[in-house]
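Novice: Pasting a structure here, questions to come.
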Amino acid sequence: MYSEKVMDHFQNPRNVGEIEDASGVGTVGNAKCGDIMRMYLDIDENGVIQEAKFKTFGCGAAVATSSMATELVKGKTIEEALKVTNKAVMEALDGLPPVKVHCSLLAEEAIHAALWDYAEKNHIKIEGLKKPKNDISEEGEEEVY
Ligand code: FES
Numbered sequence: 077m078y079s080e081k082v083m084d085h086f087q088n089p090r091n092v093g094e095i096e097d098a099s100g101v102g103t104v105g106n107a108k109c110g111d112i113m114r115m116y117l118d119i120d121e122n123g124v125i126q127e128a129k130f131k132t133f134g135c136g137a138a139v140a141t142s143s144m145a146t147e148l149v150k151g152k153t154i155e156e157a158l159k160v161t162n163k164a165v166m167e168a169l170d171g172l173p174p175v176k177v178h179c180s181l182l183a184e185e186a187i188h189a190a191l192w193d194y195a196e197k198n199h200i201k202i203e204g205l206k207k208p209k210n211d212i213s214e215e216g217e218e219e220v221y
């Protein structure tokens, strides 16, 4: 039921970990399944994402989608990263079963939450970016893991 790419990113997730002093960190959680995803972005002075890492406490599809999401945003500008939607992540993974679509949504929201944090830290407004509704970054950052 899972594509080879999903299985590959689940079994060999790329970019797992943290970025110290990241430009933006965002944590999102899905209240229904309880899965949590944290995304770290390192953004240079030209607004290009140099590094992306993640930690996911969640299902296999959540791990695979966060892995793919970090791969997709690396090297992109903020504007381009905003186009990395859950659909784009799913397509890059050759699809997900319908019950797992929300996992890819969490990956999209994790990118947005990290960008939101970056914008707040730098007192800028990113055109087209909204604070994700599942953003739980404020709630005890350290206690999550
Ligand atoms: Fe909820 Fe996968 S089951 S993120």
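Going by my numbering, the sequence shown wraps up at 221, each residue one higher than the last. C-beta atoms are modelled at their ideal positions from N, C-alpha and C, and glycine is treated no differently.
In angstroms with no decimal places, state the Cα-to-Cα distance between I202 and N106.
Specialist: Along the sequence shown, read from residue 1 onward, the residue named residue 202 stands at position 126. Along the sequence shown, read from residue 1 onward, the residue named residue 106 stands at position 30. Their Cα atoms are separated by approximately 24 angstroms.
Novice: For M115, tell me which candidate among H178, E167, G102, Q126 has the shortest Cα-Cα distance.
Specialist: The residue labelled residue 115 in the question sits at position 39 within the sequence shown. For M115, the nearest C-alpha among the options comes from G102.
Novice: Does H199 pass the burial test, meaning 16 or more other C-beta atoms within 10 Å, or should it be called exposed?
Specialist: For the purposes of this step, residue 199 is taken as the residue at position 123 of the sequence shown. Exposed, by the Cβ-count rule.
Novice: To the nearest angstrom, report how far apart E121 and L205 are at their CA atoms.
Specialist: Counting from 1 along the sequence shown, the entry for residue 121 is found at position 45. Counting from 1 along the sequence shown, the entry for residue 205 is found at position 129. The alpha-carbon atoms of E121 and L205 are separated by roughly 19 angstroms.
Novice: Would you kindly work out how many angstroms separate the C-alpha atoms of M113 and I95, rounded to a whole number?
Specialist: Residue mapping note: residue 113 aligns to position 37 of the sequence shown, counting from 1. Residue mapping note: residue 95 aligns to position 19 of the sequence shown, counting from 1. C-alpha separation (whole angstroms): 14 angstroms.
Novice: Can you tell me which of the three DSSP states L128 falls into?
Specialist: For the purposes of this step, residue 128 is identified with residue 52 of the sequence shown, where counting begins at 1. In the sequence on display, residue 128 carries Ala and not Leu. Note: A128 maps to strand in three-state DSSP.
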